[in-house]
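*Asks:*
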Amino acid sequence: MSGIWTYWNEDGNKYSEETYKNGYKEGQFILYKDGNRQREGGYLNRKKHGLFIEWYDNGQMKQEGTFKEGRLSGVWSYWNEEGHKYKEETYKDGKKDGLFTEYHPNGQKSIEERWKDDVKGGLFTEWYENGQKKSEGELGDFNYKLGKWTYWKEDGGRYLEESYKDGVKDGLMIGWYPNGNKSLEQGWKDDIRDGVFIAWYEDGQKKQEGNFVNDIKEGKMTYWYVDGKKWLEETYKDGKKSGKVTGYYPNGLKRMQEHWKDGTKDGQYFQWFGNGKEKIVGNYKDGKEAGKWYEYNKEGEIERIANYDE
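Numbering-wise (my numbering), the sequence shown opens with residue 149 and increments by one.
#1: Just verifying my parser: in three-state terms, what is the DSSP assignment at F290?
#2: From which residue to which residue does the beta strand (DSSP E) around Y312 run?
#3: Is the beta carbon of Y384 less than 8 Å from the beta carbon of E406?
#4: Just the Cα atoms here: how many angstroms apart are K313 and K296?
#5: Would you kindly check if the distance between the Cβ of K293 and the Cβ of L287 is under 8 Å?
#6: Between G415 and the rest of its own chain, which residues show a CB-CB distance below 6 Å, the 5 nearest in sequence each way excluded?
#7: Is Y396 near K377, with beta carbons less than 8 Å apart?
#8: Label N423 either buried or exposed according to how many other C-beta atoms from any shown protein chain fall within 10 Å of its C-beta, with 16 as the threshold for buried.
#9: Compare the beta carbon distance of E217 and Q211 with 8 Å and say whether it is the shorter of the two.
#10: Using the Cβ count rule (16 or more neighbours within 10 Å means buried), how would you classify N455?
#11: Would you verify that the beta carbon of R341 is, or is not, closer than 8 Å to some beta carbon of chain C?
#12: Compute the Euclidean distance between the alpha carbons of G190 and G198, then round it to the nearest angstrom.
#13: Does the Cβ-Cβ distance between G323 and S311 come in under 8 Å?
#14: If W224 sits next to G207, beta carbons under 8 Å apart, how far is it from one beta carbon to the other, in whole angstroms?
#15: Please look up how many angstroms separate the CB atoms of K162 and Y180, rounded, as I've assumed it's under 8 Å.
#16: By how many angstroms is the C-alpha of I364 removed from the C-alpha of Y307?
#17: Please state whether DSSP places M404 in a helix, a strand or coil.
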């Protein structure tokens with residue numbers, strides 16, 4: 149069997165044209181459906197070789213790419229039935245190697261990534277349908293995130309930046325408000341919170357500051373009102389409140405003060421009025437009121453005494 153062979157079905161419609169040499173496919177072939185081309189390609193030395201094209205039943209191109217000695221090679225493109233390209237892939241010697249691109253239905257890029265020897269790695273970029281960048285960062289072998297990754301909202305505003313090592317969060321995380329001011333900073337190590345944590349109000353005033361060790365609070369944690377005045381100070385040890393906790397009024401005067409031990413109230417407790425005069429004085433023992441408690445009015449006069457030891 150050699151030369152061009154043509155085939156028809158019982159209805160008289162041609163469905164195939166193939167080229168043979170010594171009984172084997174060699175050269176171009178065309179497959180038809182309902183009189184329209186469905187697939188076209190070629191063979192060389194019994195292997196797929198050269199340009200291959202496939203169409204939908206409506207005549208729209210479905211995919212197009214090249215084989216080299218039986219292996220995928222170069223750029224392969226794919227379209228949906230409406231004629232919109234949705235993907236492009238690059239191959240070398242049958243393996244994914246080079247740029248891979250996906251598209252939104254409106255033609256804008258949605259994803260762009262890189263491959264080498266069938267392994268994804270390198271710069272990865274993602275876009276919204278309006279063309280604004282959505283995320284970008286480096287991928288290591290086997291799809292691990294590496295280094296700095298940045299994320300944007302659909303309006304183009306950057307809202308988050310993270311650092312990765314071998315696919316886990318490691319390093320500084322930074323968040324932003326829509327106005328461009330920072331919203332937070334947090335250190336990470338081996339995918340858990342570790343290091344200084346700072347949060348801000350949208351106008352740039354500091355809101356909270358403290359420290360994490362192995363994903364638990366450690367040391368002093370401080371909070372502020374939106375006008376920059378201190379609101380609360382507390383201390384942690386191994387993730388539990390320990391030591392003095394002090395709260396403040398917006399005018400800077402103390403509002404309350406209490407003591408904690410291993411996550412439980414233990415020790416003296418004070419409350420003050422906004423004018424600085426004492427409001428409540430007492431003690432806690434193992435999380436419960438203990439001993440005598442005094443309540444005062446704004447003039448400093450005792451209004452009530454309670455004894456929790458009785």
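Built from N, CA and C at the ideal position, the CB exists for glycine as well.
Since this is a predicted model, take the numbers as computed values, not measurements.
*Replies:* Looking at the atomic coordinates:
#1: Within the sequence shown, residue 290 is the residue found at index 142, counting from 1. DSSP places F290 in helix when its eight states are reduced to three.
#2: For the purposes of this step, residue 312 is taken as residue 164 along the sequence shown, with counting starting at 1. Here the beta strand (DSSP E) through Y312 covers R306 to K313.
#3: Mapped onto the sequence shown, residue 384 falls at position 236. Mapped onto the sequence shown, residue 406 falls at position 258. Their beta carbons are not under 8 Å apart, which means Y384 does not touch E406 by this criterion.
#4: Translated into the one-based positions of the sequence shown, residue 313 becomes position 165. Translated into the one-based positions of the sequence shown, residue 296 becomes position 148. Computed Cα separation, rounded: 9 Å.
#5: For the purposes of this step, residue 287 is taken as residue 139 along the sequence shown, with counting starting at 1. For the purposes of this step, residue 293 is taken as residue 145 along the sequence shown, with counting starting at 1. Yes, these two residues count as a Cβ contact at 8 Å.
#6: Walking along the sequence shown from the start, residue 415 turns up at place 267. Correct list, in chain order: H407.
#7: Your numbering for residue 396 matches position 248 in the sequence shown. Your numbering for residue 377 matches position 229 in the sequence shown. Yes.
#8: Reading the sequence shown from its first residue, position 275 is the one you call residue 423. Classification of N423: exposed, given that the 10 Å Cβ count is below 16.
#9: Sequence index remark: in the sequence shown, residue 217 carries index 69 (1-based). Sequence index remark: in the sequence shown, residue 211 carries index 63 (1-based). Not a contact, by the Cβ cut-off of 8 Å.
#10: By 1-based counting over the sequence shown, the position of residue 455 is 307. Flag for N455 reads exposed.
#11: Among the chains in the structure shown there is no chain C, since it carries only a single protein chain.
#12: In the sequence shown, residue 190 corresponds to position 42, counting from 1. In the sequence shown, residue 198 corresponds to position 50, counting from 1. Taking the straight line joining both Cα atoms gives about 6 Å.
#13: For this step, residue 323 is matched to residue 175 along the sequence shown. For this step, residue 311 is matched to residue 163 along the sequence shown. No, the Cβ-Cβ distance between G323 and S311 is not below 8 Å.
#14: Position 76 of the sequence shown holds residue 224. Position 59 of the sequence shown holds residue 207. About 20 Å; that fails the 8 Å criterion.
#15: Numbered from its first residue, the sequence shown carries residue 162 at position 14. Numbered from its first residue, the sequence shown carries residue 180 at position 32. Yes, they are in contact, since the Cβ atoms of K162 and Y180 sit about 5 Å apart, within 8 Å.
#16: Taking the sequence shown and counting its residues from 1, the one referred to as residue 307 is at position 159. Taking the sequence shown and counting its residues from 1, the one referred to as residue 364 is at position 216. Cα to Cα, the separation comes out at about 25 Å.
#17: The count along the sequence shown starts at 1 and reaches residue 404 at position 256. Note: M404 maps to strand in three-state DSSP.
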